[in-house]
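Here is the structure we will look at, set down as C-alpha cells.
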Amino acid sequence: MTTRVVDNQWPGPHIHILMNDFFFWSSEQHRTAMKRLKNELNALVNRGVDRHLRLAVTGLSRSGKTAFITAMVNQLLNIHAGARLPLLSAVREERLLGVKRIPQRDFGIPRFTYDEGLAQLYGDPPAWPTPTRGVSEIRLALRFKSNDSLLRHFKDTSTLYLEIVDYPGEWLLDLPMLAQDYLSWSRQMTGLLNGQRGEWSAKWRMMCEGLDPLAPADENRLADIAAAWTDYLHHCKQQGLHFIQPGRFVLPGDMAGAPALQFFPWPDVDAWGESKLAQADKHTNAGMLRERFNYYCEKVVKGFYKNHFLRFDRQIVLVDCLQPLNSGPQAFNDMRLALTQLMQSFHYGQRTLFRRLFSPVIDKLLFAATKADHVTIDQHANMVSLLQQLIQDAWQNAAFEGISMDCLGLASVQATTSGIIDVNGEKIPALRGNRLSDGAPLTVYPGEVPARLPGQAFWDKQGFQFEAFRPQVMDVDKPLPHIRLDAALEFLIGDKLR
C-alpha cells in the first residue's frame, strides 16, 4: 500500500512524498525527489521569512540624513574593498557575500542622490552632500549565507532586498496635526511665541492686527499674512530651531504657491471666543483658514502617512544634540519639544506574521546622536546619555509595547581625528580637522557634553563650543571613514541577515 502525505492546511506549497515507493527508487529518482523537496521547502522558507525590508531614515534639521544614507550605502557596496564593519555580524562572520544596487519597485519616488553625494564627499575640496528636500529612495540587494542551521540545510544563500527611504523630519513633525483641529493647533502655535520666537514673529503679529475672523475672506491679505508666517518659520529653521509647523511651508516641493500652504494660526483665539470662531462660515477669513488647515491635514499630512509612513518596517531618527547646546536653552528646549511631538506620531508593535500581512508597523527604532566626531572620545558616552534623557518617555512606551529600541552615537563620515595635546603640562584630549567655513586647520577641545538634561547652572557657565568641520580629504578608492555606522547597521538589519 502506498502512503501519500498531503497537508492542505500548510501555508505553502504542498509536499507530496510516496513513502513506500521511495525505498525502491533508483539513485537518480532519489536525487530528483530530494531536489523537488528542497525547492518546495525553499519556497516555503522564502514565504515565511522577511525578504524585503523598508528602512526609513529621517532626522531633525541639520542632523546629516543625506550623509548617513550615502555613507551606509557606500560601506555596504564596499564590503570586499576595505569597508570597516566589524560590528555587523554578517560581515564579521564572512556571511555577507555581496551587495548591489537594484532598480526601485516604486517608479513614482525620486531616486536618492547617492552618486552626487559621493562625488561631493570625495571632491576637491571635499564637501558635505547637498541635503535632500523631499522623499527619495535607494534599493539594495544583499546576498548572504544564513547562520540558521535549518535554513542553511535547505537554502545555500538568501537575499535581503533593502529599500532605504529618506524623508524630511519636518514632514514627520506635521503628523501630530492630525490629532488637532484648527483652533487647538492655533493655541499651540501662538503659545510658543515667546522669547526669540516672539521677536522673530513680530512682523506676522503686526500683519494680523485688525483681521476680522467673520468678515468675508480676503484671499490676498490671507496670502500675505501666510507668507509672513512662512518667513517666520524659515527664520526659526535658520536659527537652529526644530519644532516648525507646518513643515511643508519650509519644504513645499511642487506645492509652492498652492492655497493649501496659505494658512496660519489664528493669532488670538480667546479674543473672539472659540465657539464663535469654530462656527465661522467657510467664506469668512477664519473659515477659509480652517478649511485650508483641514485640507492640509487630510490631503498633505495624511497622504504622506498613508503613502509612506505606514509602509516602513524599521526607522532611524538622527539627532544633532550639539548645535542646540551651542545655541542656548531656547534652541535646546525646542529640540526637546520636537522630539516629544515626533514620538507621538509613530505606530509601533511586534511584527507577527498576521500583522506583517495585514497591518504593517515599525518594529525597530533607533535614535542616533550624530556628529560623534565633533566631540572628543571621552564625551561619546555623554552624548548617548543625553539623547536617552531626551527620549525617556518614548523609551518607556516602547518597552511597554514590546518594540526594540536603542540609542547610539555615530559619525556617518568621520571628519576629524582624535589625539592628545599638551597644554601647560596637562594632557587633554583634542580634535584635529578643517573648519567648515574656510577649510582652516583646527585643533580644538570642544568641551564637555552634559550627560543629563542641562539646568540653568549649565547655561550660566556653559563652556561648550561646537565647531563645524568639513569632510577630510579621502582616497576615492577607499570606503568612507565612519564611527559606529556598523553598530547602527547591526541593529537595523542584522537580524535579517542571520
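In this text, residue positions in the sequence shown follow numbering that gives the first Met the number 0: the first is 0, and each later residue adds one. All residues carry an ideal CB built from backbone N, CA and C; glycine is no exception.
Legend entry - Same chain, Cβ closer than 6 Å to S326, neighbours up to 5 away in sequence not counted: Counting from 1 along the sequence shown, the entry for residue 326 is found at position 327. Only G239 meet the Cβ criterion.
Legend entry - Three CB pairs or more closer than 8 Å across the segment 274-287 and the segment 200-218: yes
Inset, instruction - Give a yes or no on whether the minimum CB-CB distance between G197 and chain D is below 8 Å. - result: No chain D is part of this structure, which consists of one protein chain only.
Legend entry - Cross-strand partners of L52 (DSSP beta bridge): Residue numbering aside, residue 52 sits at position 53 when the sequence shown is read from its first letter. L161.
Inset, instruction - Please state if the CB of L341 and the CB of L171 are separated by a distance shorter than 8 Å. - result: As a working note, residue 171 is residue 172 in the sequence shown. As a working note, residue 341 is residue 342 in the sequence shown. Yes, the pair counts as a contact, with Cβ atoms nearer than the cut-off.
Inset, instruction - Assign H282 to one of two classes, buried (16 or more other C-beta atoms within 10 Å of its C-beta) or exposed (fewer than that). - result: Taking the sequence shown and counting its residues from 1, one reaches residue 282 at position 283. Looking at its Cβ environment, which holds fewer than 16 other Cβ atoms inside 10 Å, H282 is exposed.
Inset, instruction - Figure out for me which residue from L191, D223, V318 has the closest Cα to the Cα of M205. - result: As a working note, residue 205 is residue 206 in the sequence shown. Nearest of L191, D223, V318 to M205, Cα basis: D223.
Inset, instruction - For the segment 93-128, list the beta strand (DSSP E) runs that are entirely contained and at least 3 residues long, ordered along the chain. - result: 95-101
Legend entry - Beta-carbon gap between M188 and P258 smaller than 8 Å: Taking the sequence shown and counting its residues from 1, one reaches residue 188 at position 189. Taking the sequence shown and counting its residues from 1, one reaches residue 258 at position 259. No. Outside cutoff.
Inset, instruction - Check whether the segment 455-463 touches the segment 61-77, taking contact to mean three or more Cβ pairs, one atom from each stretch, closer than 8 Å. - result: no
Inset, instruction - Pull up the distance between the alpha-carbon of T351 and that of I402, whole angstroms please. - result: Walking along the sequence shown from the start, residue 351 turns up at place 352. Walking along the sequence shown from the start, residue 402 turns up at place 403. Since pLDDT at T351 reaches only 48, below the 50 mark, its modelled position is unreliable, and the value read off the structure follows with that caveat. So the two alpha carbons sit approximately 12 Å from each other.
Inset, instruction - Would you mind reading off the limits of the beta strand (DSSP E) that contains R204? - result: By one-based count along the sequence shown, residue 204 stands at place 205. Element bounds for R204: not the beta strand (DSSP E) but the alpha helix (DSSP H), 201-207.
Legend entry - Per DSSP, the bridge partner or partners of E136: Start at 1 with the first residue of the sequence shown, and residue 136 comes out as number 137. According to DSSP, which records beta bridges pairwise, E136 is partnered with R110, V164.
Inset, instruction - Keeping to the same chain, check which residues put their C-beta closer than 7 Å to that of C320; ignore five residues upstream and five downstream. - result: Here residue 320 refers to the residue found at position 321 when the sequence shown is read from its first residue. Cβ within range, chain order: A368, M382, L385, L386.
Inset, instruction - Please determine, among G133, G107, A178, L161, the residue with the shortest C-alpha to C-alpha distance to P167. - result: As a working note, residue 167 is residue 168 in the sequence shown. If we check each option's Cα against that of P167, G133 comes out closest.
Legend entry - Cβ-based burial, V448 [other Cβ within 10 Å; buried from 16]: Locating residue 448 in the sequence shown gives position 449, counting from the first residue. Looking at its Cβ environment, which holds 16 or more other Cβ atoms inside 10 Å, V448 is buried.
Inset, instruction - Return the bridge partner residues of P328 from the DSSP annotation. - result: Position 329 of the sequence shown, counted from the first residue, corresponds to residue 328. BP columns for P328 are empty, so no partner.
Inset, instruction - Under 8 Å Cβ to Cβ from M473, same chain only, skipping five residues before and after it: list those, please. - result: Residue numbering aside, residue 473 sits at position 474 when the sequence shown is read from its first letter. Closer than 8 Å at Cβ, skipping near neighbours: L120, Y121, P125, L479, P480.
Inset, instruction - State the start and end residues of the unbroken beta strand (DSSP E) segment that holds A429. - result: Stepping through the sequence shown from its first residue, residue 429 is reached at position 430. Here the beta strand (DSSP E) through A429 covers 425-434.
Inset, instruction - Tell me whether the beta-carbon of K301 lies closer than 8 Å to the beta-carbon of L177. - result: As a first step, residue 301 is located in the sequence shown; it is residue number 302 there, counting from the start. As a first step, residue 177 is located in the sequence shown; it is residue number 178 there, counting from the start. Yes, Cβ-Cβ distance for K301 and L177 is below 8 Å.
Inset, instruction - Determine the contact status of D165 and T131, defining contact as a CB-CB distance below 8 Å. - result: Residue numbering aside, residue 165 sits at position 166 when the sequence shown is read from its first letter. Residue numbering aside, residue 131 sits at position 132 when the sequence shown is read from its first letter. In this structure, T131 lies closer than 8 Å to D165 by Cβ.
Inset, instruction - Count the C-beta pairs between the segment 228-242 and the segment 191-203 that are closer than 8 Å, then say yes if the count reaches three, no if not. - result: yes
Inset, instruction - Report all residues from its chain with a CB closer than 8 Å to the CB of K298; omit the five preceding and five following residues, and keep chain order. - result: Numbered from its first residue, the sequence shown carries residue 298 at position 299. Within the same chain, K298 has close Cβ partners A259.
Legend entry - When T156, R451, N293 are compared against R335, the one with the closest alpha-carbon: Against the sequence shown, residue 335 aligns to sequence position 336. That would be R451, whose Cα lies nearest to the Cα of R335.
Inset, instruction - Find out if the Cβ-Cβ distance for the pair L52, K477 is shorter than 8 Å. - result: In the sequence shown, counting from the first residue as 1, residue 52 sits at position 53. In the sequence shown, counting from the first residue as 1, residue 477 sits at position 478. Not closer than 8 Å, so no.
Inset, instruction - Classify A279 as buried or exposed, calling it buried when 16 or more other Cβ atoms lie within 10 Å of its own Cβ. - result: Numbered from 1 along the sequence shown, position 280 holds the residue referred to as residue 279. Buried, because 16 or more other Cβ atoms sit within 10 Å of the Cβ of A279.
Legend entry - Beta carbon of L430 nearer than 8 Å to that of S411: As a working mapping, residue 430 is identified with position 431 in the sequence shown. As a working mapping, residue 411 is identified with position 412 in the sequence shown. Their beta carbons are not under 8 Å apart, which means L430 does not touch S411 by this criterion.
Legend entry - Chain-order list of residues whose beta-carbon lies under 8 Å from that of R110 (same chain, five-residue window excluded): Here the question's residue 110 lines up with position 111 in the sequence shown. Answer for R110: Q103, S135, E136, I137, listed in chain order.
Inset, instruction - Would you tell me roughly how many angstroms separate the C-alpha atoms of T442 and A380, rounded to the nearest one? - result: By 1-based counting over the sequence shown, the position of residue 442 is 443. By 1-based counting over the sequence shown, the position of residue 380 is 381. Cα-Cα distance, rounded: 22 Å.
Inset, instruction - Measure the Cβ-Cβ separation of Y160 and W203 and say whether it is below 8 Å. - result: Residue numbering aside, residue 160 sits at position 161 when the sequence shown is read from its first letter. Residue numbering aside, residue 203 sits at position 204 when the sequence shown is read from its first letter. Going by C-beta atoms, Y160 is not nearer than 8 Å to W203.
Inset, instruction - Would you mind reading off the limits of the alpha helix (DSSP H) that contains V72? - result: As a working mapping, residue 72 is identified with position 73 in the sequence shown. Residues 64-76.
Legend entry - Chain-order list of residues whose beta-carbon lies under 6 Å from that of N77 (same chain, five-residue window excluded): For the purposes of this step, residue 77 is identified with residue 78 of the sequence shown, where counting begins at 1. Once the five neighbours on either side are set aside, the close Cβ partners of N77 are P478.
Legend entry - A255 burial status per 10 Å Cβ neighbour count (16 or more: buried): If you number the sequence shown from 1, residue 255 lands on position 256. Exposed is the call here.
Legend entry - When A330, E489, V318, L491 are compared against P453, the one with the closest alpha-carbon: As a working note, residue 453 is residue 454 in the sequence shown. Of the candidates A330, E489, V318, L491, the one whose C-alpha sits nearest the C-alpha of P453 is A330.
Inset, instruction - Would you list the residues sitting across from T339 in a DSSP beta bridge? - result: For the purposes of this step, residue 339 is taken as the residue at position 340 of the sequence shown. Per DSSP, none; premise fails for T339.
Legend entry - Own chain partners of D575 with C-beta closer than 7 Å, once the 5 adjacent residues on each side are dropped: Coverage of the chain is limited to positions 0 through 497, which leaves residue 575 absent and any answer about it impossible.
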